[in-house]
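Protein chains in written order, with UniProt numbering: chain A, 1 to 535; chain H, 1 to 516.
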Amino acid sequence: MKRRDFLAATAASALPLACRRQPEFPFPGELVGPDLPTGHWVRGGLFPEPDHYEPVSVLIVGGGVAGLSAAWRLAGAGLDDFRVLELEAVPGGTSRAAQNHVSPYPWAAHYLPVPDRGNHAVLRLLKECGVLQGFDARGEPLFAEEATVRSPEERLFAYGQWWEGLYLRAGSSPEDERQYHAFFQEVDHWAAYKDAKGRPAFSIPRSRCSDAPEARALDGLSFGAWLEARGLDSPRLRWLLDYACRDDYGSRLDTTSAWAGLFYFAARKQGPGEDSRPLLTWPSGNGFLVEHLRRVVGDRLSCHTLATAIRSGKDGLLVTTWDGLNQRRRGFHARRVIFAGPQHVARHVIEGLSAARPASTRIRNAPWLVANLTLRARPPESGFPLAWDNVPRDGEALGYVVATHQSLRDHGPTVWTWYRPFAGPDCDAERARLRAMDWPACARMVMEDLRPAHPDLEKLVTRLDVMRWGHAMVRPAPGLLWDREFLALSQPFGSIHFAHTELSGLALFEEAQDHGLRAAEEVLAALGRPGLSWR
Amino acid sequence: MGEAPPAEKEAPLAQPTLKAPLLFISVLLIASCGLIYELVAGTLSSYLLGDSVTQFSTVIGVYLSAMGLGSWLSKFLNRDLARRFVDLELAVALVGGFSAPILFQAFAHTHAFRVVLYSVVMAVGTLVGLEIPILMRILKDQVRFKDLVAGVLTLDYIGALFASLLFPLLLMPKLGLVRTSLLFGLLNAAVGLWSTHLLKSQLGTTTWIRFRCLAVMALLALGLAFAGKFTLAVEEEIFSDEIVYARDSDYQRIVLTRGRGSFQLFLNGNLQFSSADEYRYHEALVHPAFGLRPDARRVLVCGGGDGLAVREILKHPSVQEVVLVDLDPAMTDMARSQPMVRQLNGAALADPRVQVVNADAMVWLQETSGAPFDLAFVDFPDPNTYALGKLYTSRFYRLLQRRLAEDGMITVQSTSPLMARQSFWCITATMEASGLKVRPFHLAVPSFGVWGFALASRQDFEVPNRVLPGLRHLSDASTAAMFAFPKDMDRVPVQVNRLDNQVLVHLYTREWRRWS
């Protein structure tokens with residue numbers, strides 16, 4: 001051993017010890033899921049055959065919102081012979097939530113824009129959950145007051161203090177204001193748009209959107225290029241729109257399709273010239289909706305279960321799985337499979353898929369870092385008071401959402417959910433960066449981001465847990481959303497049906513639900529049980 | 001003094017180099033100052049901690065024993081007595097002069113008020129205890145011993161009388177505790193400065209010591225003039241009356257002021273009541289609902305931690321149980337222990353029928369259940385923040401109805417229909433939107449102006465025209481009359497205040513801005 005190597009090795013082994021003796025942060029915490037090692041086994045592909053295959057009518061692979069919604073639909077049609085397999089310890093995917101002694105809190109998706117009256121599936125779900133309480137005289141849905149985001153909704157930290165709303169009005173020039181209005185006039189134009197068949201350009205879910213060429217053309221360029229073409233270069237406006245891209249898509253103005261950029265704003269408009277639809281939220285975020293779906297699925301859900309191979313067999317599909325909890329192989333013989341996982345997993349698991357559908361490799365998922373901070377009290381601060389969504393203007397992170405906001409607790413302990421997309425152009429490089437981060441690195445990133453707004457926060461934090469999402473959300477890159485081969489990924493592959501939000505190119509609860517219902521209704525039709533669509 | 005050294009007795013008196021008669025005047029002044037500091041500490045601690053007998057006796061006890069300690073310590077000072085005396089005056093001036101501001105700050109910002117209190121009393125007492133022995137030793141060569149003792153002690157006691165009369169009659173009403181203590185600090189420092197003149201022959205060069213006197217005086221004068229920049233005096237400017245209690249709780253700043261024959265409670269600088277006319281407000285809040293439900297047994301009070309609404313509620317013999325839900329334990333503790341407040345609410349919170357819950361009323365309503373209430377009184381501060389605004393939303397009134405008996409009544413304090421007309425009607429409209437039948441009413445409360453309430457029930461009801469006999473303000477006829485609205489306060493169309501719009505906070509801050 002050379003002297004230099006010896007020194008390096010000694011230093012390397014001493015360093016962690018030193019760190020342990022003097023922790024950098026005065027609070028504990030850990031890295032929680034998702035289960036990376038188990039998930040990555042799939043790529044190894046060395047799984048022995050199970051000795052026995054349990055028969056089941058429908059096997060749903062993936063217990064996220066798409067898979068649970070498919071199960072909800074099957075159960076609603078009286079088809080009870082199905083199983084849902086989920087790799088993680090809990091279902092819900094990126095809509096999952098957790099709870100501690102202070103409050104329930106989300107681990108990712110945390111709100112739903114109020115659905116319009118045409119979004120039957122979401123209305124049905126909200127009715128079941130007791131959130132939709134009826135309809136007003138004009139036929140517009142009425143929602144429980146406690147589920148609509150409590151005011152104040154958003155605030156922005158800039159110039160050393162908090163301001164109301166996300167668009168910084170203080171100090172904006174007349175030109176900023178002009179461009180702000182010009183942009184929202186464009187949005188109004190698209191909100192008012194109807195194609196020859198009467199379909200809107202933008203609606204949620206996107207299956208209700210027009211495919212007319214003038215609308216589809218927006219997908220041909222980036223949101224940044226689209227703004228540039230209209231002379232919209234106000235830094236404040238571009239900050240707001242870039243924020244929207246990072247928030248909803250994990251990408252930037254220049255890596256987001258203009259169609260997706262306008263979708264974010266126009267699909268949420270109640271109508272041209274009107275406000276954006278209010279948002280529905282719960283202390284556990286969309287975990288509230290997941291909880292309802294989970295109850296419907298009941299004991300047909302198996303967590304800790306990884307599908308390792310899906311191939312055709314006699315009269316159906318042979319699915320090999322690994323039950324991580326009991327450490328055993330388990331086989332299923334299913335008449336139909338709904339694959340409700342992402343395409344990068346489907347390629348490894350479904351025999352023959354990657355050769356038949358090369359377009360699946362075009363899907364890019366942005367990695368995210370999400371942290372939940374438990375605080376013993378609220379920090380003192382200046383300017384606009386604590387809101388639901390609290391966004392620092394500077395930095396890469398998106399700020400934090402206050403879990404106790406909706407439960408009306410305005411004093412004492414709380415939980416903040418902090419979000420940071422890794423929005424660089426190369427998803428793989430960003431993912432590698434995120435995977436290399438240990439807990440102290442993550443905690444440092446969170447605390448440094450929050451320090452300008454809350455200099456003494458460290459003293460108030462009692463716990464900081466971190467989730468590293470490797471594949472948090474699909475990126476609607478220019479040219480993806482209306483690509484024929486990409487859209488064809490939603491079609492069945494033999495007896496395998498696909499359901500996942502990434503098939504929309506937009507990571508939204510409603511998209512996941514829509515694909516879940518579509519896949520379930522395809523299966524119901526194939527099994528000879530067609531019925532009225534819930535979509 | 002029988003064992004006094006013969007030298008002291010037999011030595012012939014020196015040439016009168018000092019102006020002894022004038023130094024006797026110093027005794028008068030420093031004696032007054034000493035007693036004032038003692039009175040300030042005693043008064044302040046009985047305001048803040050309640051139980052004035054205990055506070056005064058412990059403060060006086062500590063103070064007198066500290067004076068004893070000072071007198072004993074005086075024997076260790078042997079050289080440069082004149083210089084020591086001036087230094088002593090300056091030390092007393094600083095510690096005594098700033099004692100009231102220090103103690104108010106300690107109460108407001110620390111949890112160790114008693115430690116600070118007795119430390120300050122101890123320090124002032126010790127220093128004051130040193131003054132007279134040192135002065136007597138300075139004068140011993142100039143004045144015959146029997147004249148010295150007689151003169152000093154006479155003036156010491158006269159000064160005490162002087163101070164004890166001045167304090168309650170002039171100083172407290174006109175200046176308040178903080179300014180009184182600063183002013184007497186200034187007087188102490190002035191005695192120091194004057195002594196540099198009177199004791200010049202013993203001091204030698206006086207430039208530096210006079211400079212120090214002037215510096216201390218300047219500091220105290222600055223304290224008097226700019227007390228405004230310390231928090232207390234900022235508030236004194238706002239409040240215009242003397243602050244007798246101030247505390248930063250976890251939720252709000254609680255301040256009691258006293259002046260013009262009454263006292264007032266402020267939360268975060270907003271007047272909650274004046275003892276002069278709060279009976280009008282609390283009678284109107286409580287008795288109209290009882291007029292319609294004279295047999296009410298279970299009563300809920302949301303907010304109202306001052307206990308004044310409970311005082312009115314307990315006048316009704318039918319009441320068996322009162323649950324008071326107030327966020328701030330500091331508030332309900334003050335209502336229980338602060339002598340002025342406790343006297344005003346008739347020790348209502350100590351009544352065995354009353355249960356005090358310290359919780360956010362909305363969270364409490366959402367997360368608890370129990371037997372229904374016959375009457376509910378909602379007495380929150382005005383909706384000038386989002387955290388308060390939520391307590392005026394349709395969701396709040398729905399949660400409240402869940403805990404109300406079928407024929408139960410609610411009364412809500414709903415700000416001024418004259419000064420904040422839209423806000424007032426917004427509260428009525430919001431209560432209606434939650435499914436209540438609402439009858440708003442109003443009356444004049446001089447400290448507030450025209451004030452409004454909303455009486456509500458899930459069932460239709462007629463305006464009450466009977467109230468408990470023997471009230472100070474309400475009669476049967478005047479009760480019914482409160483429900484008529486003149487034109488300038490009449491209903492205006494407004495949005496409903498919901499959790500997701502909080503329109504009331506915006507309306508309220510806009511409307512009140514015009515009046516401030």
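For each residue, glycine too, the CB sits at the ideal point set by N, CA and C.
Q) What does residue 277 of chain A reach in chain H if we use C-beta pairs closer than 7 Å? A) One finds nothing in chain H with a Cβ atom closer than 7 Å to the Cβ of residue 277 of chain A; even the nearest lies about 11 Å away.
Q: Please report how far the alpha carbon of residue 363 of chain A lies from the alpha carbon of residue 100 of chain A, in whole angstroms.
A: Each residue's alpha carbon lies about 35 Å from the other.
Q | Residue from H/205, H/244, H/352 whose Cα sits closest to the Cα of residue 44 of chain H | A | Of H/205, H/244, H/352, the residue nearest in Cα terms is H/244.
Q. Since residue 85 of chain A and residue 63 of chain A are thought to touch, with beta carbons under 8 Å apart, how far apart are those beta carbons, to the nearest angstrom?
A. Between residue 63 of chain A and residue 85 of chain A the Cβ distance is about 7 Å, and since that is below 8 Å, they are a contact.
**Q.** Among H/224, H/407, H/351, the one whose alpha carbon lies nearest that of residue 322 of chain H
**A.** With distances taken between Cα atoms, residue 322 of chain H lies closest to H/351.
Q.
DSSP three-state label for residue 95 of chain A, please.
A. Assignment of residue 95 of chain A by DSSP, reduced to helix, strand and coil, places it in the helix class.
**Q.** Contacts that residue 312 of chain A makes with chain H (C-beta to C-beta distance below 9 Å)
**A.** Ordered by position in chain H, no residue passes the 9 Å Cβ test against residue 312 of chain A, which lies about 51 Å from the chain.
Q: Sort A/414, A/381, A/374 by Cα distance to residue 28 of chain A and report the nearest one.
A: Nearest to residue 28 of chain A by alpha-carbon distance, out of A/414, A/381, A/374, is A/374.
Q) In terms of alpha-carbon separation, which member of H/294, H/160, H/281 lies closest to residue 320 of chain H? A) For residue 320 of chain H, the closest of H/294, H/160, H/281 by C-alpha to C-alpha distance is H/294.
Q. With 16 as the cutoff for other CB atoms within 10 Å, does residue 179 of chain A come out buried or exposed?
A. Classification for residue 179 of chain A: buried.
Q: Report buried or exposed for residue 349 of chain A, applying the criterion of at least 16 other Cβ atoms within 10 angstroms of its Cβ.
A: Answer is buried; the Cβ neighbour count reaches 16.
**Q.** Check whether residue 422 of chain A and residue 368 of chain A have beta carbons under 8 Å apart
**A.** A contact, by the Cβ cut-off of 8 Å.
Q. Taking buried to mean at least 16 other C-beta atoms within 10 Å of its own C-beta, is residue 78 of chain H buried or exposed?
A. Counting Cβ neighbours within 10 Å, residue 78 of chain H comes out exposed, since fewer than 16 surround it.
Q: Specify the secondary structure class of residue 288 of chain H as computed by DSSP and reduced to three states.
A: Three-state result, residue 288 of chain H: helix.
Q) With DSSP run on the structure shown, which of helix, strand or coil describes residue 419 of chain H? A) DSSP places residue 419 of chain H in coil when its eight states are reduced to three.
Q. So, helix, strand or coil for residue 204 of chain A, using DSSP?
A. Residue 204 of chain A: coil per DSSP, three-state reduction.
Q.
I'd like the list of long-range same chain contacts for residue 38 of chain H, defined as Cβ closer than 7 Å, with 5 residues on each side in sequence excluded.
A. Excluding sequence neighbours, residue 38 of chain H sits near 59, 60, 63.
**Q.** Chain-ordered residues of the segment 406-421 of chain A with a beta carbon less than 7 Å from chain H
**A.** Residues of the segment 406-421 of chain A that bring their beta carbon within less than 7 Å of a beta carbon in chain H comprise 408, 409, 410, 411, in sequence order.
Q: Compare the C-beta of residue 284 of chain A with all C-beta atoms of chain H and state if any pair is closer than 8 Å.
A: Put simply, the CB of residue 284 of chain A is far from chain H, with every gap to its CB atoms at 8 Å or more.
Q: Provide the residue span of the beta strand (DSSP E) that contains residue 498 of chain A, from first to last.
A: It spans 496-498 - the beta strand (DSSP E) in which residue 498 of chain A sits, taken as one unbroken run.
**Q.** Local Cβ density within 10 Å of residue 281 of chain H, reported as buried at 16 or more and exposed below that
**A.** By the 10 Å Cβ count, residue 281 of chain H comes out buried.
Q: Please list the residues of the segment 350-374 of chain H that have a C-beta atom closer than 8 Å to any C-beta atom in chain A, keeping them in chain order.
A: Correct list: 360, 362, 363, 366.
Q: Could you check the C-alpha separation between residue 441 of chain H and residue 455 of chain H for me, to the nearest Å?
A: A straight line joining the alpha-carbon of residue 441 of chain H with that of residue 455 of chain H spans about 8 Å.
**Q.** Length of the line joining the Cα atoms of residue 10 of chain A and residue 403 of chain A
**A.** Bear in mind that the predicted position of residue 10 of chain A carries a pLDDT of just 41, short of 50, making it too unreliable to give a figure here.
Q: Specify the secondary structure class of residue 427 of chain A as computed by DSSP and reduced to three states.
A: Of the three classes helix, strand and coil, the one that applies to residue 427 of chain A here is helix, per DSSP.
Q | Bridge-paired residues (DSSP) for residue 76 of chain H | A | For residue 76 of chain H, which the question treats as bridged, DSSP gives no partner whatsoever.
(Q) Can you tell me which residues form a DSSP beta bridge with residue 501 of chain H? (A) Residue pairing by DSSP leaves residue 501 of chain H without any beta bridge partner.
Q. Checking contacts by CB at 8 Å: is residue 21 of chain A closer than that to chain H?
A. For residue 21 of chain A, the predicted structure reports a pLDDT of 47, less than 50, and the residue's modelled location is therefore unreliable. A value from the coordinates is still provided. For residue 21 of chain A, the answer is no, since every Cβ of chain H falls outside 8 Å of its Cβ.
Q | Beta-ladder partner(s) of residue 467 of chain A, from DSSP | A | For residue 467 of chain A, the beta-bridge partners assigned by DSSP are A/32, A/370.
Q | Counterpart residues of residue 54 of chain A in DSSP-defined beta bridges | A | Bridge partners of residue 54 of chain A: A/332.
Q.
Quick check on residue 339 of chain A: does DSSP put it in helix, strand or coil?
A. Correct three-state label for residue 339 of chain A: strand.
Q.
Looking at chain A, is there any beta carbon in it that lies within less than 8 Å of the beta carbon of residue 502 of chain H?
A. At a cut-off of 8 Å between beta-carbon atoms, residue 502 of chain H makes contact with chain A.
Q) Out of H/424, H/483, H/462, which has the shortest C-alpha to C-alpha gap to residue 512 of chain H? A) Ranking H/424, H/483, H/462 by Cα distance to residue 512 of chain H puts H/424 first.
Q) In terms of DSSP beta bridges, what is residue 384 of chain A paired with? A) Residue 384 of chain A pairs with nothing; no bridge assigned.
Q: Tell me whether residue 531 of chain A sits in a helix, a strand or coil according to DSSP, three-state version.
A: In the displayed model, residue 531 of chain A falls within coil according to three-state DSSP, outside both helix and strand.
Q) Measuring from the CB of residue 270 of chain H, is there a heavy atom of the ligand COA at a distance below 7 Å? A) In terms of ligand content, the structure shown is empty, and the ligand COA therefore cannot be addressed.
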